[in-house]
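Quick note on numbering: full-length UniProt numbering labels position 105 of the sequence shown as 105, and the sequence is numbered without any gaps.
Note that beta-carbon positions come from the ideal geometry of N, C-alpha and C, so glycine has one too.
Presented below is the structure to which this report refers.
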Amino acid sequence: IAGAATAAKELFEEVGELDDLFVPIGGGGLISGACISAEALSPNCVIHGVEPLASNDAQKSLETGEIQEVKIMKNASIADGALTTKIGDLNWHFISQHVKDILTCEDDEL
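This is the structure we're talking about:
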C-alpha cells in the first residue's frame, strides 16, 4: 500500500490539489495508497473507485459495509488485472473510510 501511495503522491506533487481522483480497483492496494496520499497532500480531494462490472466486489463491499466476494467468469473482462474476487482486509480499512463511491464499467468503456 505504501508503495502504491507514491503514484498518487507524485501526481499531487506535480499538479497540486485535486477536486476528484478516479482510481482503478483490483485488490485495492492502489486505491488504498491513493487514500493515504490524498489525505496528506490533497485533503479535500474526493476519491472514487472504478472497477470492471464483471468483478464489482469493491462496489458491493462499499454498498453493504463489509467485504463481499464475487464469482468471476473466465475471460470476463479485458481488465484482467482488476478481476479479483474480493478486496484485501487491510485495503478495506482505507476504502471503507476514504472512498466516496465505486463506479463500474464495461469493457467498451475502458
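query: Per the contact definition of three or more C-beta pairs closer than 8 Å, is the stretch 58–71 in contact with the stretch 8–19?; result: no
query: If you run the structure through DSSP and keep just helix, strand and coil, what is residue 45?; result: coil
query: To which residues of the same chain is residue 62 closer than 8 Å at the C-beta, ignoring the five residues directly before and after it?; result: 49, 95, 96, 99, 101, 102
query: Taking the beta carbon of residue 7 as the centre, do at least 16 other beta carbons fall within 10 Å, making it buried, or is it exposed?; result: exposed
query: Starting from the C-beta of residue 45, find all residues in its chain whose C-beta is less than 6 Å away, skip the five residues before and the five after it, and write them out in chain order.; result: 18, 21, 38
query: Below 8 Å on the Cβ atoms is my contact criterion, and I expect residue 88 with residue 28 to pass it. Report the Cβ-Cβ distance as a whole number of Å.; result: 5 Å
query: Give the range of the beta strand (DSSP E) segment to which residue 70 is assigned.; result: Premise fails: residue 70 is in no beta strand (DSSP E) and is neither H nor E.
query: Do you know offhand how far residue 53's Cα is from residue 85's?; result: 12 Å
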